[in-house]
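Residue numbers (this note's numbering): 513 to 1193. Contents: one structure, followed by commentary.
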């Protein structure tokens, strides 16, 4: 008997141009624009109606929202694998801490919006649109063909009512418990399908299990969160009563605390309004800056490599991990790998993860070492106690995602080019820059200008030139796999944190547990994360009650040795003694910006970028303006000026530094980051 056909994941291909030209491709757009702008009104309406139907599908159906979300962890079962229908054969799919982390999630996102069967697009076309009058069908189908999954750019500040400056905030569409939609009978209100996912009953009916959240030690048994009792997802909810029947009723039915989500993001560093604080935006800017990341592996995975450059403790997976912790909190679904994908925000969060990955690929398309990899090796011990090596290449299958109905599995090569998958992002509109006659250079320059526009650090940080970072190296399964947070303090103020986004191997795939997790646990694989300190140190200098007066190494080293502290917390806020995690190391490194002083008649840099955008920051004000203009510096302050690009496509952002006297100014260009050296603590 022939095996059942597999589900082909193609992305939305209807109406696409020849992507080799390339032609115009539909964009995934930022979710606040998608929710508020009139040009997306029809797509927004179709999306909300289709999502409501998608989430209401029978959880037993392979293509239901429940089953697709379950690929990420629980329930323990295979998905779209006719050769191994037994759940015991599934060793888990999600490749956290592996080099395929970015590429594996790309077909997973495609599955969510794929057009072949009953995914969101197909539901739009086959179930939602037919309910409207025949005269509307063609116009609605045309809008559906342009729709792509929106992304939530949590690293960009947004202007909000009542705020003097743009701030970090949760996406607007996620905050409304009910939304207005238009059906064939007129306008009505429905529960917002993006606010939370609601199952038709307790999720234990479809294989969700309790998830361990304390390690269990010194005769104290481990504790579990009763996620199996939930009927809906939660974000940063109050803690339920665990290990018993008296589970908080509001937690079972889903509790959304968006104020706490926003607060968590804003407190990602020493957050200061208009100040020089470390932030999500700065972390993204570093990740995409010339010379900060040395290779694709460092960008893609949080896995630590001995002797790696101190800069390389920062990774896209590491930033992703922190976001999961901040969005889910201790007891929310997003903070726990086995159930994270059930929350609808997961998909827009990962669309943004894919977007930054795509931007990174475009920036380094001509640099194979940075844009891709050839082979990656992970040591582990097999069930017989023998030392083995897991070799991962671009040809490694991205299980369980298929390219056709004959069982052909995707690999990373097949998802390298997003244009061929039917979508792109606002920063990557290649068709506006024809090849030849400088088109390639202008295209790259436009991307970097936009990155600066969205994520440029406060001018004080660049003007300081010195830069201090804290690197945290930890064993992901040090506590048996339960998630934990390493918090970094300067004096009594939290300056940053690193979240170990994990779960016990038993909870993350297969009857016998997640194979990838077992390997990493046995090999004691290390992960790394990074917190920058420069903003907090500048704040210390400005505080007359603190002893620091300069950013010189001879002053900062002793200051940090005395005042830098860290601790480890698990779910529920319990502190773990540092001696129980002997693999944990916290180190300090010093480096800085590479800058070049520019005189009034310096011709070493070409003309400004055409049509680019730069972030202009003078004092506490913030505005956007076209690149190429010169901005008068304010006495005693720092301001951004022109943005230039060189022949290699790197963008130099000039900065004017004016002394209090206002008599002179120095113009410098940020040209990347210099080498970092370790400082002892």
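Every residue, glycine too, gets a C-beta built ideally from N, C-alpha and C.
Closest to residue i by C-alpha separation, out of the options, would be which residue?
i            : options               : result
residue 1191 : 981, 1060, 584        : 981
residue 463  : 568, 1081, 1101       : The structure shown does not extend to residue 463, since the chain is modelled only from 513 through 1193, so no value can be given for it.
residue 870  : 931, 743, 528         : 931
residue 959  : 945, 939, 944         : 939
residue 876  : 1005, 799, 541        : 799
residue 521  : 919, 1097, 641        : 919
residue 681  : 776, 653, 817         : 776
residue 1010 : 1053, 1039, 1032, 702 : 1039
residue 654  : 566, 524, 580         : 524
residue 539  : 737, 936, 922         : 936
residue 1036 : 1185, 815, 547, 719   : 815
residue 1072 : 751, 1099, 574        : 1099
residue 1016 : 1002, 1006, 994       : 994
residue 574  : 564, 587, 562         : 587
residue 1101 : 998, 820, 689, 658    : 820
residue 977  : 1049, 1043, 903       : 1049
residue 688  : 548, 583, 762         : 548
residue 812  : 991, 797, 829         : 829
residue 873  : 913, 802, 543         : 802
residue 808  : 883, 665, 1189        : 883
residue 991  : 941, 951, 1087        : 1087
residue 835  : 793, 1187, 645, 1077  : 793
residue 661  : 964, 1033, 541        : 541
residue 1063 : 570, 858, 979         : 979
residue 779  : 855, 1008, 578, 1083  : 1008
residue 913  : 593, 545, 571         : 593
residue 996  : 1096, 879, 810        : 1096
residue 903  : 1188, 544, 1031, 659  : 1031
According to DSSP, is residue i helix, strand or coil?
i            : result
residue 968  : coil
residue 843  : coil
residue 723  : strand
residue 1205 : Because the chain spans 513 through 1193 in this model, residue 1205 falls outside it and cannot be assessed.
residue 737  : strand
residue 525  : coil
residue 1034 : helix
residue 769  : coil
residue 1012 : strand
residue 776  : helix
residue 602  : Unreliable positioning characterises residue 602 in this predicted model, as indicated by a pLDDT of 45, which lies under 50. The coordinate reading is nonetheless provided below. Residue state, collapsed to three classes: coil.
residue 815  : strand
residue 925  : helix
residue 475  : Residue 475 is absent from the structure shown; the chain starts at 513 and stops at 1193.
residue 1087 : strand
residue 520  : strand
residue 913  : strand
residue 1191 : strand
residue 882  : helix
residue 1185 : strand
residue 782  : Note that residue 782 scores 44 on pLDDT, short of 50, meaning its location in the model is unreliable; the coordinates nonetheless yield the value given after this. Residue 782 falls in the coil class under three-state DSSP.
residue 629  : Confidence in residue 629 is poor, its pLDDT being 39 and thus under 50, which makes the residue's placement unreliable; the coordinate value appears in the next sentence. DSSP places residue 629 in coil when its eight states are reduced to three.
residue 955  : helix
residue 899  : strand
residue 573  : coil
residue 634  : helix
residue 1146 : Residue confidence for residue 1146 is low, a pLDDT of 34 falling below 50, so the modelled location carries little weight; the figure read from the coordinates is stated next. Note: residue 1146 maps to coil in three-state DSSP.
In the DSSP assignment, what are the bridge partners of residue i?
i            : result
residue 982  : 1043, 1100
residue 940  : Per DSSP, none; premise fails for residue 940.
residue 1078 : 1000
residue 1006 : 1001
residue 584  : DSSP, once it has assigned bridges, lists no residue as partnering residue 584.
residue 670  : 679
residue 732  : 729
residue 663  : 542
residue 987  : 1038
Contact between the region 837-855 and the region 722-741: three or more CB pairs below 8 angstroms?
Touching, yes, given that three or more Cβ pairs across the two stretches are closer than 8 angstroms.
For the region 677-711, which segments carrying the beta strand (DSSP E) assignment without a break, of at least 3 residues, lie completely within its bounds, in sequence order?
690-695, 698-703
Three or more C-beta pairs under 8 angstroms: does that hold for the region 761-769 against the region 703-710?
Segments in contact, yes.
Does the contact criterion of 3 or more C-beta pairs under 8 angstroms hold for the region 1044-1058 versus the region 985-1003?
yes
Could I get the ranges of all uninterrupted beta strand (DSSP E) runs contained in the region 536-560, with 3 residues as the minimum, in chain order?
Within the region 536-560, no complete beta strand (DSSP E) run reaches 3 residues.
Closer than 8 angstroms is the cut-off here; do at least three beta carbon pairs connect the region 546-561 with the region 630-648?
yes
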